[in-house]
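Heads up, the thing below is written out as structure tokens.
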Amino acid sequence: MTDILTREDSGVLIITFNRETKKNALTVPMYQRLTELLHQAEEDPAIAVVLFHGSEQVFSAGNDLADFISHPPDGLDAPVWQFLRAVSGFRKPLVAAVCGVAVGIGTTLLLHCDLVLAGSNALFSLPFVNLGLCPEAGSSLLLPRVFGYQRAAEALLLGEPFDAEAALRAGLVNRVLEPAQVLDTALAQARKLACKPLAALMETKRLLKSAEAPALRERIDEEARVFARMLETDTARQAIAGFSNRR
Ligand code: COA
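The working numbering puts the first residue of the sequence shown at 47, with every later residue one more than the last.
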């Protein structure tokens with residue numbers, strides 16, 4: 047699988063989205079590989095931290111829109127929902143280095159990361175409503191908690207892009223850097239984490255998240271059911287076809 051690359055560095059598993067010709071849009075095989083990697087990383091005592099990144103130009107354009115039609119996620123065991131369960135329940139620290147566009151799951155994934163470093167060129171968007179769909183990844187629960195209700199509603203109902211500075215003000219990202227510095231800085235932070243006692247990191251992460259964990263699991267499943275139903279509607283199919291036919 048060349049669409050997802052991996053390498054290990056000082057206890058950090060670096061996962062690279064590598065489908066740049068399609069703006070790192072995520073396909074079914076990519077979700078399957080990502081889920082497998084997260085399960086392996088969780089069990090591997092040599093891995094303390096997982097770091098997600100794309101390139102200096104693009105993080106991810108979200109779910110592959112053609113896949114939404116040809117391989118819609120039907121049932122709670124569809125690869126995208128398995129990935130979201132793996133990432134939301136991941137017990138070791140997750141770090142993200144985000145440059146360029148981060149659309150849909152490219153943004154909602156960040157709500158499950160513990161540290162997010164963004165390039166000044168990062169552009170986030172949650173265009174679910176514009177596609178006739180609803181939020182996923184538990185973002186209908188987590189985004190209002192991170193952003194406050196009005197800013198979350200603005201991002202999810204209007205679906206307009208927001209930049210790195212807005213993401214910083216809202217609390218979605220920890221720092222904004224020059225794009226060329228983002229991966230190195232994220233890796234330096236991940237290495238710092240990897241030097242700490244792993245059990246202490248994992249217990250601390252568990253405690254930070256335990257109050258909302260049951261509600262989050264339920265919400266991810268509820269969103270998945272609604273999302274799958276909405277994906278079958280003519281409104282969503284036409285909106286998605288509109289993207290494919292835009293030229
Ligand atoms: N699924 C499938 N292909 C995608 C994609 C997606 N989510 N996003 C981009 N691509 C493909 C384009 O079809 C295009 O492929 P082509 O060259 O074979 O035609 C290529 O990636 C480049 O995309 P393009 O739109 O030309 O790049 P851009 O820089 O003008 O715009 C985006 C980038 C991400 C803003 C734009 O591609 C976009 O809006 N994509 C859809 C995002 C989306 O709605 N995701 C789903 C969220 S639920």
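Heads up, the beta-carbon is just placed ideally off N, CA and C, and yes, glycines get one too.
Just so it is clear, the structure is predicted and the values come from calculations on it, not from any experiment.
Query                                                                                                                                                                      : Result
In terms of residue numbering, what span does the alpha helix (DSSP H) encompassing Glu-264 cover?                                                                         : 259-277
Starting from Ser-116 and walking both ways along the alpha helix (DSSP H), at which residues does that stretch end?                                                       : 111-116
Please find out if some non-hydrogen atom of ligand 1 comes closer than 8 angstroms to the beta-carbon of Leu-218.                                                         : no
Answer yes or no: the CB of Ala-190 versus the heavy atoms of ligand 1, is any distance below 8 angstroms?                                                                 : First, the amino acid is wrong: residue 190 is Pro here, not Ala. Not under cutoff, so the answer is no.
Is any heavy atom of ligand 1 found at a distance shorter than 8 angstroms from the C-beta of Phe-24?                                                                      : Given that the chain is displayed from residue 47 to residue 293, the structure contains no residue 24 and the question cannot be resolved.
Who pairs with Phe-63 in a beta bridge, going by DSSP?                                                                                                                     : Ile-50
With distance defined between alpha-carbon atoms, name the residue in Gly-135, Val-96, Ile-115, Phe-105 nearest to Pro-260.                                                : Gly-135
If you measure from the CB of Val-147, is any heavy atom of ligand 1 nearer than 8 angstroms?                                                                              : yes
I'd like to know whether the C-beta atoms of Ala-236 and Phe-170 end up nearer to each other than 9 angstroms.                                                             : no
Rounded to the nearest angstrom, what separates Ala-252 and Gly-288 at their Cα positions?                                                                                 : The amino acid occupying residue 252 in the given sequence is Arg; Ala does not appear at that position. Rounded to whole angstroms, Arg-252 to Gly-288 spans 42 angstroms at the Cα level.
My output table needs one value for Arg-292: the three-state DSSP class, helix, strand or coil.                                                                            : coil
Taking the runs of the beta strand (DSSP E) that are 3 residues or longer, which of them lie wholly in the stretch 149-233?                                                : 161-165, 169-171, 221-223
Let me know if Thr-153 comes out buried or exposed under the rule of 16 or more other beta-carbons within 10 Å of its beta-carbon.                                         : buried
Can you find the residues in the same chain that come closer than 6 angstroms, C-beta to C-beta, to Gly-165, ignoring five residues on each side of it along the sequence? : Cys-145, Pro-225, Val-228
What residue does the beta strand (DSSP E) around Ala-143 start on, and which one ends it?                                                                                 : 140-144
What residue range does the alpha helix (DSSP H) around Ser-256 cover?                                                                                                     : 244-256
Could you check what DSSP says for Ser-106 in three-state terms: helix, strand or coil?                                                                                    : strand
Just grab the DSSP bridge partners of His-99 for me.                                                                                                                       : Thr-62, Ala-143
By how many angstroms is the C-alpha of Val-95 removed from the C-alpha of Asn-176?                                                                                        : 35 angstroms
Say the cut is 8 angstroms; is the CB of Phe-289 nearer than that to a heavy atom of ligand 1?                                                                             : yes
Taking buried to mean at least 16 other C-beta atoms within 10 Å of its own C-beta, is Arg-265 buried or exposed?                                                          : buried
Find out if the Cβ-Cβ distance for the pair Asn-64, Leu-51 is shorter than 9 angstroms.                                                                                    : yes
Do Ile-151 and ligand 1 come close, with the Cβ less than 8 angstroms from some heavy atom?                                                                                : yes
Keeping to the same chain, check which residues put their C-beta closer than 8 angstroms to that of Ala-232; ignore five residues upstream and five downstream.            : Leu-97, His-99, Val-141, Ala-142, Ala-143, Leu-161, Leu-163
Report the CB separation of Ser-60 from Arg-283 in whole angstroms; it is logged as a contact under 8 angstroms.                                                           : A small correction: the amino acid at residue 60 is Ile; Ser does not occupy that position in the sequence shown. Not confirmed; about 37 angstroms, so no contact.
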